[in-house]
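**Student:** Please read through the structure below; I'll follow up with questions.
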Amino acid sequence: MRDTAERTAEILLVEDNPADVRLTRGALQTGPVAAHLSVARDGLEALAFLRHEGTFLDSPRPDIILLDLNLPNKSGSEVLKEIKADEELRRIPVVVLTTSGAEEDVRASYDRSANCYVTKPVTLDEYAVVIQAIEAFWLLVAELPSH
């Protein structure tokens with residue numbers, strides 16, 4: 001396991017549902033890693049954040065991206081495709097975190113090089129467990145490339 005005491009992990013949540021943003025923030029606050037959560041509320045904002053465009057000139061580079069598929073302005077699938085096609089962004093792990101458990105969505109996400117696909121749990125307790133498990137695996141166990 002990696003030592004995370006050296007710095008705060010950067011997480012980008014791409015999510016338009018305020019309730020899910022609150023749930024994620026709460027789960028991360030009680031999770032195993034010190035983490036800073038940035039939120040993009042649609043696909044266009046997510047790409048601007050990642051590319052340091054407009055009001056996001058000083059945005060941090062995320063260690064991991066939690067990406068909903070059902071987003072306004074540009075879908076999560078389109079965002080995933082653009083991230084994985086971008087030489088500067090493709091190595092950032094993208095965990096698709098969405099309400100859809102449809103096989104075609106799972107397959108399409110992996111076809112676009114998603115690193116993981118998780119269907120959002122229904123209960124609050126299960127949601128916190130899932131977020132903390134994602135955080136623990138990707139930020140404590142998995143070896144990630146340096147920026």
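Residue numbers (my numbering): 1 to 147. Note that beta-carbon positions come from the ideal geometry of N, C-alpha and C, so glycine has one too.
#1: Roughly how many angstroms separate the alpha carbons of R61 and E10, rounded to a whole number?
#2: Taking the beta carbon of A19 as the centre, do at least 16 other beta carbons fall within 10 Å, making it buried, or is it exposed?
#3: Look at the alpha carbon of E104 and the alpha carbon of S113, and state the distance between them as a whole number of angstroms.
#4: Could you say which of V33, D125, I134 lies nearest to N115 if we only look at CA atoms?
#5: Using CA atoms only, rank isn't needed, just tell me which of T24, E15, I92 is closest to L44.
#6: DSSP state of L144, grouped into three classes?
#7: Start and end of the alpha helix (DSSP H) containing A19?
**Tutor:** For this structure:
#1: Numbered from its first residue, the sequence shown carries residue 61 at position 61. Numbered from its first residue, the sequence shown carries residue 10 at position 10. Using only the alpha carbons, I get a separation of about 7 angstroms.
#2: Walking along the sequence shown from the start, residue 19 turns up at place 19. Result: exposed.
#3: Residue 104 sits at position 104 when you count from the first residue of the sequence shown. Residue 113 sits at position 113 when you count from the first residue of the sequence shown. Each residue's Cα considered, the two are about 14 angstroms apart.
#4: In the sequence shown, residue 115 corresponds to position 115, counting from 1. Across the set V33, D125, I134, the C-alpha of I134 shows the shortest separation from the C-alpha of N115.
#5: Locating residue 44 in the sequence shown gives position 44, counting from the first residue. Comparing Cα positions, the closest option is E15.
#6: Taking the sequence shown and counting its residues from 1, one reaches residue 144 at position 144. In the structure shown, L144 sits in coil (DSSP, three-state: anything other than H, G, I, E or B).
#7: Within the sequence shown, the letter at position 19 stands for residue 19. From DSSP, the alpha helix (DSSP H) with A19 extends over 18 to 29.
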